[in-house]
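Notes follow once the structure below has been shown.
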Amino acid sequence: MDDNVGQALSYISLGDQDLRKQRTEEAVIHFCKAYALEPGLVKDHLVALPPNTLHTVLCTLEDWCICGDDSGSLLNSGLTVSLGQICDLITSNGLRPDSRVAWSTKLRVQMRSKKFFDAVTTCVDALKIFSNHSDVVFFLVNRAMAYLLLKEKKFAVQDMIAACDKDFNAGLTCIKETGVKLLPSILEALYDVIATLAQKAKNFCEEERFLLIKIDRIVVGLNPEDSSTIGDCASHMIKLNQHKQAVVLLSDGLDHVTSLGKRETPEVVELLLQRAQCYLALGQTESALNDYLCAAAIDEDITQITILSLPHQQLDNITALAKKIASEVLTHFRLKVRLNNPCAVDAKNTADILDRAAQMYRMLYILDNNNVDALINAAECLKLQDKDTAAISTLDLILTLRPMCSKAYYTRAFCHMKTADLSNAFADFDMTLDIQPSFVQALCGRAFVWLMSGDFGKAAKDLTAASGISISATVTWITELPDCEQETLKNQIKEYLVTTSKKHSQSRGSCEDDSLVTLGNVLTRAFPTDFECHHVFVEILQSLCKMDEAQAILVRLITHNPDDYLATLHLAVLKMRRNRTADALEDICTLLKTIGEEKLASAMLRLTDKDRARLTRESHCEGVQRLNTHPGDATIEGYFSVAIAASPNKALESYVWRAKCRISKDQLDLAIADLNSALVKKPNHVEVLCLRGHLFILKKNRKASYNDLLLALLLNSQALKTFVLSLPENQKNLVMGTLEDCVQMLFSHYLTQGFRSKFILRLCDLLVQINNDVASYHSLYADGLIIFEDYRKAIEELDITKRLCPEDVSILSRSGLVHMKLNEVEISAAKFRELADVDLEALNFAAKTLNQEQREILCKEAMDKANYHTNVNQNDNALGFFTVAAAATCEGQLKEILRMRSKCFERLRRFPEAIEDMTSVIRSGVPIVGDLVARGNLHLLNENYNGASKDFLVAMEAQELTAMTLISSYPGREVAIKTFLKTASADLDRKKFADGLRVCLNGLKFDPNNAELKTLKRKFEFGLNNKCFIQ
1 MDDNVGQALS YISLGDQDLR KQRTEEAVIH FCKAYALEPG LVKDHLVALP PNTLHTVLCT
61 LEDWCICGDD SGSLLNSGLT VSLGQICDLI TSNGLRPDSR VAWSTKLRVQ MRSKKFFDAV
121 TTCVDALKIF SNHSDVVFFL VNRAMAYLLL KEKKFAVQDM IAACDKDFNA GLTCIKETGV
181 KLLPSILEAL YDVIATLAQK AKNFCEEERF LLIKIDRIVV GLNPEDSSTI GDCASHMIKL
241 NQHKQAVVLL SDGLDHVTSL GKRETPEVVE LLLQRAQCYL ALGQTESALN DYLCAAAIDE
301 DITQITILSL PHQQLDNITA LAKKIASEVL THFRLKVRLN NPCAVDAKNT ADILDRAAQM
361 YRMLYILDNN NVDALINAAE CLKLQDKDTA AISTLDLILT LRPMCSKAYY TRAFCHMKTA
421 DLSNAFADFD MTLDIQPSFV QALCGRAFVW LMSGDFGKAA KDLTAASGIS ISATVTWITE
481 LPDCEQETLK NQIKEYLVTT SKKHSQSRGS CEDDSLVTLG NVLTRAFPTD FECHHVFVEI
541 LQSLCKMDEA QAILVRLITH NPDDYLATLH LAVLKMRRNR TADALEDICT LLKTIGEEKL
601 ASAMLRLTDK DRARLTRESH CEGVQRLNTH PGDATIEGYF SVAIAASPNK ALESYVWRAK
661 CRISKDQLDL AIADLNSALV KKPNHVEVLC LRGHLFILKK NRKASYNDLL LALLLNSQAL
721 KTFVLSLPEN QKNLVMGTLE DCVQMLFSHY LTQGFRSKFI LRLCDLLVQI NNDVASYHSL
781 YADGLIIFED YRKAIEELDI TKRLCPEDVS ILSRSGLVHM KLNEVEISAA KFRELADVDL
841 EALNFAAKTL NQEQREILCK EAMDKANYHT NVNQNDNALG FFTVAAAATC EGQLKEILRM
901 RSKCFERLRR FPEAIEDMTS VIRSGVPIVG DLVARGNLHL LNENYNGASK DFLVAMEAQE
961 LTAMTLISSY PGREVAIKTF LKTASADLDR KKFADGLRVC LNGLKFDPNN AELKTLKRKF
1021 EFGLNNKCFI Q
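Going by the working numbering, the sequence shown runs without a break in its numbering and finishes at 1031.
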C-alpha cells in the first residue's frame, strides 16, 4: 500500500474516533490532513458518513471558511490544506455543492490573490448552481468587478445591468458594498458605455432607450448628485411614456439636491420643469402648476419660455386652474379678515397659502402680460401677509402699466401706511380720491393716517365723510385692519370724542355736533362688544339729551355681548336717571346675583359720585320698605348689597340692615361680617355692638360677646337696655344670662386677682333695671355694692333679695357682714343669729371674714344677747346667739361658750348636741373632772349608761375625791351605782371581764357593801382567771 494512502487512512481513523467522542474540530482537522494526502479517499469517506455527522463536519468546515485565511495553516493545527481546497471539498458532489459560504470564500480568496480570471470562472460555475435572486445578484456583481479589473468594461456593465434587472435595489446595494473602492472605475465604465451609445446614434431606438434608462438609473443610484444624468434618464422615460417612473426619479433627485442646500440652481429648475411636463402628461395639472410656480420663483424667464411653448390645451388648463385656486384663496382670506379670525392671517400655514396664491397671480400675468388685475390680486395677497415691501414693488409695476388704477393707489397707500411712510401714504390716498372721490376705504385710510400724524380734526372729517357715503363700508374697513391698528384707531377716536365733548360742555355752547354722533355710531358698530366705546358714545348722547338713543346703544351692546356686566350696570343707571328707579334697582339686583358683590362694587367705581350716592340712597330705602312690608322676601338682602356696593364708606346703615336680613336667614357668620364692616366705619356704634354681641352669644363665642356688650354698656347703657328689651323673650333671657355670666366672671377676677372692674356696678344696675323681679340680679348688685363699699345701698338690695327669695340663706351672712361694716353690731348679731339656725357652715365662713376686733365685738354682743335670753328663759334665742358667739370668738373663750351652749341644749332637751359641745370642750385640752362628770350626766339624760359610766370612771381615775363629790351631788350616789350595775351587767354579757371588773371596783367605792356589785365582781374575777369559763 502507498505510504500516502496509509497515512491518509490513519488520519481518517483518528477522525472517526474523534467524531465518536464528539470532538468535531479535532476530527475535521484529521480529515483535512488526510484530504491533503488523498482527496478522493476523504471525499468517499465523508459521503459515507451518517447525515447528521456529515452535517456537523460540513458546518465546521464552513465556519473555518468564514473565520480562516489562505496562509497555509489554519487555527495553528498544522494543516497544509488551503481555504480554496477546503471550499472545493465542501462543494464536492455528494457533500454540499450549493454552499454559499464556500463559493463566496473561494471567490474572495481569488479576488484577494488577484486571480481575476479564476474569479470569473468561479462566478460562472456558481451561477450555474444558484437560482436564488440574492445569490445570483451577488455573483453577477462580483463577476462584474472581476471584469472591471480585467479592463473588460463592456462585460462588467452587462453584469451590473443583469444584476439590477434581477433586483434593482439589491443589485445597487451590492455594487456599492462590493465596489466601494472601485466606485470611480465603475462610474467611468458606465459613462463610457453611455457615451459609446450616444456616438452611435442621435436618434435612439426603443431598445437603446431602455438600455440607457437602466444604465442612467445605476449611475444616479451610485451618484445621486448627477442631476444631468437624472435629466437624461427622465427624458428617455418621457420618450417611452414612462411618466410615472420619471416623476419618481425626478422627485428623488430633487429631494437629494435640495437636501444639499442647492435650492435655487438651474439644475433644480430643469428638474422641476421636466416633472411638470410629466404631471401634465398624467393629467395632474395642479401638481404641474406647483412645479411651474417653484421653477418661476427661481428663474422666471426660463419658466415663461417653457410654459409658453406648451400646447394650447395644456396652457389653457394651467391658466384656468391657477385662476380658480388663486381666486378661491384670496376670496377665502378676504372673508377671514372680515370675520377678524385671529388665526386667519397670523398662522404660518395661512402665509404659505397666500404666498402660493400670489405666485399663481404672478403666473397668470406671465401667461398674459395684459392681465394687470392678476398683479393687483398678487399685491393684495402680499399685503395680507404683511409683505408690504414686496407688495409696493408689485404695485409700482401695476401703476407703470395702468397709471389711473385707483385700487392700486389705494393698496399702495395702505402698504405705505403700515410701514409708517406717512408722506407717501398721504400722496397715494390723495391720488386715489382724486381719481375716485367716493372711495370710502381711501377716506378711511387717509383718516387713519391723519390720526397717526396727530390731526384728529381732519381724521374725524374724513371718517364722517366716509360714513356719510356708506357707514357699513366704513365699519368693514375698520374691522379688516390688523388688531394693533384697530386698537390704535379705537383709542384715538375715543380720545377725540371725549375731548371734543368736554370742550363743548366747558364752552356751554350747543353740543349739537353731528360729527360726534356719526363717529360714535361708527365706533360702536366697528367694535360691537367694546364697552368703553359704547360708554363714550352713550355719554355724548346723554349730553345731547338723546336718552332713547343712548338706551338703545346699551341694549345693542348687551345683545352682542350678554356677559358685559358693565353695560348692564350703566343701562340700569340710565334708567334711574330717567326716573325708572324700580326697574333700575331690579336690574342691578339681578346683576348682583350673576357677578357677585365684589365685581359689582368694582364696576360701580366707574359711576359718578352723584349716581353712586343716589343708588345707595334709593336701594337702601327700597330694602327697608320691603323688609317692613314683606319680611320674608328673599330679594331684600340684594337691595342692601347694592347700596353697599355703590358706596361702601357711606352705607353704614345698609350693613346693619343687611345683617338683620341675614340673621333672619340664620346666616350668622355673614351677619357678623357685615357688622364688622359697619364697626370699621363707626367703631362706637352702640346698636351694632349690641347686635354683634347678641350674634356672638348665638355662636357661643362668650368672650367676644362680653367685649361688645361691655363696650355698648360703657357708651350708652340706655341703648343697650332698649336693645335687650326689644328682643323676643327667649333671646332676651339668653342675653340676660350672658350679662349675668359676665358679672360673675368679673367677680371671679376680683376674688382671684383683686381687680375691681368698673363694669360690675353698671352691669348689675342694668340687670336690675331690665328685670326688677329677679332675686339673683339684686343679689349680684348687692355684692357689687359691697365690693365698692356702698354698704347702705347694699343693705337695700339684700332686703329686696330677701323679699324675692326668702330661702336664700346667703343673704343673712352678707347682711350680717354689711351691718358689721356699718358698726350696726346688734343688727349684725341678729342676722347671724338667724343664719345660725339654717346654715352653720355659712355662719362660720362669714365669721372668718371679720377681723379680730370685729369678731370680738360680735362675740361680746352675741354673749350679751344669749345671757339675756337665758335669763328670760328664751332658750331658743339664747342658743342662736351662743352659736354666733362660738363662731366669732377666739380659741381662748370658745370652751366657756361651748359649756354655756351645752347647758342651753340641755335645757332644750337636745342632749346629743349638748354632748357634742362638751365633747369639743373635753377634746380641746386636758380634760377637766367637772366637764367629764357633766358629759356623763348628759349621757344619763340621753339614757346612754355605758357612755355615762365611762365618763364617771375617767373622772374618778383622774381625781377620785372630786369626781365622787360631784357625782354624789349630781346625779347622786344611787343613780351612779345603778349606772355602774347596768354597765357591768352589759360587760358580763359581752364577756368583757376586765372592763366589767373595773366598773365594779369603782362602783363599790360608792357602796362597798353592795351585794350585786360584789357578785358581779367575783364573776369577772373568775372569768379573768378561768379561760374556759362558761356563763
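We put the CB at the ideal spot given by N, CA and C, even for glycine. Since this is a predicted model, take the numbers as computed values, not measurements.
Test item: CB-CB of Leu-315 and Ile-307 under 9 Å
In terms of Cβ geometry, Leu-315 and Ile-307 form a close pair [threshold 9 Å].
Do Tyr-409 and Asp-428 count as a contact pair if the criterion is CB distance below 9 Å?
Yes, the pair counts as a contact, with Cβ atoms nearer than the cut-off.
Please confirm whether Tyr-279 and Val-257 have their CB atoms less than 9 Å apart.
Contact: no.
CA-CA distance, Gly-936 and Val-818?
For Gly-936 and Val-818, the distance between alpha carbons rounds to 42 Å.
Between which two residues does the alpha helix (DSSP H) holding Lys-978 run?
If you look at Lys-978, you'll find it in the alpha helix (DSSP H) that goes 973 to 989.
Roughly how many angstroms lie between the CA atoms of Ala-379 and Leu-422, to the nearest whole one?
For Ala-379 and Leu-422, the gap between their C-alpha atoms comes out near 20 Å.
Per DSSP, what kind of secondary structure is Cys-1047 in: helix, strand or coil?
The structure shown does not extend to residue 1047, since the chain spans only 1 to 1031, so no value can be given for it.
Rounded to the nearest angstrom, what separates Leu-879 and Arg-901 at their Cα positions?
Approximately 6 Å between the Cα atoms of the pair.
Starting from Ile-1055 and walking both ways along the alpha helix (DSSP H), at which residues does that stretch end?
Given that the chain is displayed from residue 1 to residue 1031, the structure contains no residue 1055 and the question cannot be resolved.
Work out the CA separation of Leu-714 and Arg-756 for me, nearest whole Å.
Each residue's Cα considered, the two are about 16 Å apart.
If you draw a straight line from the C-alpha of Leu-14 to the C-alpha of Lys-43, how long is it?
Approximately 16 Å between the Cα atoms of the pair.
CB Asp-159 to CB Tyr-147, shorter than 9 Å?
With a cutoff of 9 Å on beta-carbon distance, Asp-159 and Tyr-147 are scored as near each other.
Thinking just about the alpha-carbon of each residue, which of Met-604, Leu-675, Ser-664 is nearest to the one in Val-642?
Nearest C-alpha to Val-642: Met-604.
Roughly how many angstroms lie between the CA atoms of Trp-64 and Phe-138, to the nearest whole one?
The alpha-carbon atoms of Trp-64 and Phe-138 are separated by roughly 21 Å.
If you draw a straight line from the alpha carbon of Arg-792 to that of Leu-798, how long is it in whole angstroms?
Taking the Cα positions, Arg-792 is about 10 Å away from Leu-798.
Delimiting residues of the alpha helix (DSSP H) encompassing Ser-470:
Where Ser-470 is concerned, there is no enclosing alpha helix (DSSP H), given that its DSSP letter is neither H nor E.
Can you list, in chain order, the residues of its chain with a C-beta nearer than 7 Å to that of Glu-861? Leave out the 5 residues immediately preceding and following it.
Cβ neighbours of Glu-861 beyond the five flanking positions: Val-825, Glu-826, Ala-829.
Length-filtered (4 minimum) alpha helix (DSSP H) runs lying within the segment 353 to 411
Complete alpha helix (DSSP H) runs here, min 4: 372 to 384, 388 to 401.
Output the boundary residues of the alpha helix (DSSP H) element that contains Leu-592.
Note, Leu-592: alpha helix (DSSP H), 581 to 604.
For the alpha helix (DSSP H) containing Gly-947, name the first residue and the last one.
945 to 958 is the extent of the alpha helix (DSSP H) around Gly-947.
Separation of Leu-592 from Leu-607, as counted between CA atoms
Using only the alpha carbons, I get a separation of about 16 Å.
Tell me which residues share the same chain as Asp-396 and place their Cβ nearer than 8 Å to its Cβ, disregarding the 5 neighbours each side in the sequence.
Counting only Cβ-Cβ distances below 8 Å, and skipping sequence neighbours, we find Arg-412.
Just checking, does the segment 958 to 966 make contact with the segment 983 to 1001 on the three C-beta pairs under 8 Å criterion?
At 8 Å Cβ cutoff, the stretches do not touch.
Classify Val-174: buried if its beta carbon has 16 or more other beta carbons within 10 angstroms, exposed otherwise.
Residue 174 is actually Cys in this sequence, not Val. Answer is buried; the Cβ neighbour count reaches 16.
Leu-574 and Ala-550 - do their beta-carbons sit closer together than 9 Å?
Yes. Within cutoff.
Once you ignore the five residues that flank Ala-567 on each side, which residues in its own chain have a CB closer than 6 Å to its CB?
So the list reads Phe-531, Leu-554, Leu-557, Ile-558, once near-sequence residues are dropped.
Give me the Cα-Cα distance between Val-5 and Glu-177, rounded to the nearest whole angstrom.
When rounded, the distance between both Cα atoms is 45 Å.
If you run the structure through DSSP and keep just helix, strand and coil, what is Phe-210?
Three-state result, Phe-210: helix.
Beta-carbon proximity list for Glu-270, same chain, < 8 Å, skipping 5 on both sides
Within the same chain, Glu-270 has close Cβ partners Ser-227, Gly-231.
Taking Glu-807 as the reference, which of Ser-779, Lys-821, Glu-789, Ala-119 has the closest Cα?
Measuring from the Cα of Glu-807, the nearest candidate turns out to be Ser-779.
Using the Cβ count rule (16 or more neighbours within 10 Å means buried), how would you classify Asn-875?
When all chains shown are included, Asn-875 counts as buried.
Might you give, ordered along the chain, the residues of its own chain that have their beta carbon closer than 8 Å to the beta carbon of His-630, omitting 5 neighbours on each side?
Counting only Cβ-Cβ distances below 8 Å, and skipping sequence neighbours, we find Ile-636.
Determine the burial state of Asp-773: buried for a count of at least 16 other Cβ atoms within 10 Å of its Cβ, exposed for fewer.
Under this definition Asp-773 is an exposed residue.
Counting Cβ pairs, one atom from each stretch, are 3 or more of them under 8 Å apart for the segment 685 to 704 and the segment 721 to 739?
By the criterion of at least three beta-carbon pairs nearer than 8 Å, the segment 685 to 704 is in contact with the segment 721 to 739.
Uninterrupted alpha helix (DSSP H) stretches inside the segment 155 to 211 (no shorter than 4 residues)
Restricted to the segment 155 to 211, the alpha helix (DSSP H) segments that are unbroken, complete and at least 4 residues in length are 168 to 178, 183 to 200, listed in chain order.
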